[in-house]
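J.: Below is one structure. I have some questions about it.
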Amino acid sequence: MLGMATSLCLVSGCSTGSGLLIADVYRTEGAYVVTMEGFGVTMRTVAEDAGLTLGYDRRSYVYPQRINDPPEDGRHYFFVTLPKRAPVAVSTRAVGIDLRASSVEFGLTLGYRDTSLIALVPATESLYMRLRFLPDDVSATRLTYCPEEEPCWPIEIPDDVSASR
Amino acid sequence: MLAYRNPRRRLGVALAVTLALQLAACTQDRLYVSSTTVLGLDASVNTARTAGRVQLGYDRYFVTWVPQTVEQTDGGREVMSALNCTEIIVSGLALKKFDESLATGIAATNFAKQLKEESAAKYFDCFTDR
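Right, here's the structure in full:
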């Protein structure tokens, strides 16, 4: 069971573990928020938050609502598949041994660690985003995410000034 | 092949492959704002800053990472444009609220040139008093 879940993780990007993993998917104002609580061993393959935790961890990923593969609403146990695109925000809280090998940092913590990565956007993108995120009340998350190719009403990016890219 | 019949070794191989994939996929071309609080023993290397830290005890730090240059479609590189307002509320050991307004690229350039006008400033709370 764990081997199958691990294999799926490697292919699709997810969180799984040999302990208890409880995940909740919220659809909030402009965002999908996936919150996971893990007890025991939890492994993550999301590039921005890859690693392994032994102990307790609570992690939240925020995705724009307009994505092709939204996560399934509701509660999930032991395994949750995440969207292919990168989250725009990652919040983590871990107690125990936390090993990280993400695209942002490599590290090891013995003890407590609380980290939030906000506005994870590719340097080549032209966009406007506004994110209000409360880690302890993720259902109150509000996100406005307007990439250049998807101008979203009522945001009107002032464009009457010519500027070279 | 016998080694793969051992579930522990299989998990170890899967984990090693996972970490290797992450190392191979490591990129430094993303903008981000981060807040970190640690209590205990912590060692980390930030791939973007290529800087490391080892500490024992308590620490809290904030980082805003803006890539210095971005690759253009013609293969050249230009300085990245970014305009942002960040509001953070921290209580005890945990972050309580993060409110971020951000524009990048040409959107940032255009917003910056028109911040004196209410229509543009309203998207960035920290400029609304201008």
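Protein chains in written order, with this note's numbering: chain S, 1 to 165; chain Y, 1001 to 1130. All C-beta atoms, glycine included, are put in the ideal place defined by N, C-alpha and C.
With a threshold of 6 angstroms on Cβ separation, who are the neighbours of residue 78/S within its own chain once the five nearest residues in sequence on each side are excluded?
T.: Here the question's residue 78/S lines up with position 78 in the first sequence. Closer than 6 angstroms at Cβ, skipping near neighbours: 21.
J.: Taking residue 73/S as the reference, give the member of 125/S, 28/S and 39/S with the closest Cα.
T.: Your numbering for residue 73/S matches position 73 in the first sequence. It is 28/S whose Cα lies nearest to the Cα of residue 73/S.
J.: Give the DSSP-derived three-state secondary structure of residue 67/S in the structure shown.
T.: In the first sequence, counting from the first residue as 1, residue 67/S sits at position 67. Residue 67/S: coil per DSSP, three-state reduction.
J.: Taking residue 148/S as the query, report the chain Y residues whose CB atoms sit under 8 angstroms from its CB, ordered along the chain.
T.: As a first step, residue 148/S must be located in the first sequence, where it is residue number 148. Ordered by position in chain Y, the residues that pass the 8 angstroms Cβ test against residue 148/S are 1105, 1106 and 1107.
J.: So is residue 1127/Y in contact with chain S if we call contact Cβ pairs under 8 angstroms?
T.: Counting from 1 along the second sequence, the entry for residue 1127/Y is found at position 127. It does not; no Cβ of chain S falls within 8 angstroms.
J.: Below 8 angstroms, can you find three or more Cβ-Cβ pairs linking the segment 1059–1072 of chain Y to the segment 85–95 of chain S?
T.: No, because fewer than three Cβ pairs between the segment 1059–1072 of chain Y and the segment 85–95 of chain S fall closer than 8 angstroms, the two stretches do not touch.
J.: For residue 1045/Y, go through chain S and note every residue whose CB falls closer than 9 angstroms to its CB, in chain order.
T.: The residue given as residue 1045/Y occupies position 45 in the second sequence. Within chain S, the residues near residue 1045/Y are 105, 106 and 107.
J.: For residue 1100/Y, return the contacting residues in chain S, with the cut-off set at a CB-CB distance below 9 angstroms.
T.: As a position in the second sequence, residue 1100/Y is number 100, starting the count at 1. The answer, in chain order, is 89, 118, 119, 129, 130, 131, 132 and 133.
J.: Name the DSSP beta bridge partners of residue 46/S, please?
T.: Locating residue 46/S in the first sequence gives position 46, where the first residue counts as 1. Answer is none; residue 46/S lacks a bridge partner.
J.: Report the residue ranges of all beta strand (DSSP E) runs contained in full by the segment 1055–1101 of chain Y; include only those spanning at least 3 residues, in chain order.
T.: The qualifying runs are 1069–1071, 1077–1079 and 1082–1091.
J.: Where do the ends of the beta strand (DSSP E) carrying residue 105/S lie?
T.: Translated into the one-based positions of the first sequence, residue 105/S becomes position 105. It spans 105–122 - the beta strand (DSSP E) in which residue 105/S sits, taken as one unbroken run.
J.: Under 8 angstroms between beta-carbons, which chain Y residues line up against residue 226/S? List them in chain order, please.
T.: Given a span of 1 to 165 for chain S in the structure shown, any question on residue 226/S remains unanswerable.
J.: Should the segment 32–43 of chain S be called in touch with the segment 57–75 of chain S, which here means at least 3 C-beta pairs below 8 angstroms?
T.: Enough Cβ pairs lie closer than 8 angstroms, so yes.
J.: Using a Cβ cut-off of 8 angstroms, pull out every chain S residue sitting near residue 1040/Y, in sequence order please.
T.: Here residue 1040/Y refers to the residue found at position 40 of the second sequence. Result: 109, 110, 111, 112 and 113.
J.: Excluding the five sequence neighbours on either side, which residues of its own chain have a C-beta within less than 6 angstroms of the C-beta of residue 1107/Y, listed in chain order?
T.: Reading the second sequence from its first residue, position 107 is the one you call residue 1107/Y. Nothing listed; no residue qualifies.
J.: What span of residues does the beta strand (DSSP E) with residue 1111/Y cover, start to end?
T.: Counting from one through the second sequence, the residue named residue 1111/Y turns up at place 111. Per DSSP, residue 1111/Y belongs to no beta strand (DSSP E); it is in the alpha helix (DSSP H), 1105–1113.
J.: Under 8 angstroms Cβ-Cβ, which residues of chain S neighbour residue 1029/Y?
T.: The residue given as residue 1029/Y occupies position 29 in the second sequence. Those are 122, 123 and 124, listed as they occur along chain S.
J.: To the nearest angstrom, how far is the alpha carbon of residue 1126/Y from that of residue 1085/Y?
T.: Residue mapping note: residue 1126/Y aligns to position 126 of the second sequence, counting from 1. Residue mapping note: residue 1085/Y aligns to position 85 of the second sequence, counting from 1. Taking the straight line from one Cα to the other gives about 6 angstroms.
J.: Going by the beta-carbon positions, is the gap between residue 1040/Y and residue 26/S smaller than 8 angstroms?
T.: To locate residue 1040/Y, count along the second sequence from 1; it is residue 40. To locate residue 26/S, count along the first sequence from 1; it is residue 26. Their beta carbons are not under 8 angstroms apart, which means residue 1040/Y does not touch residue 26/S by this criterion.
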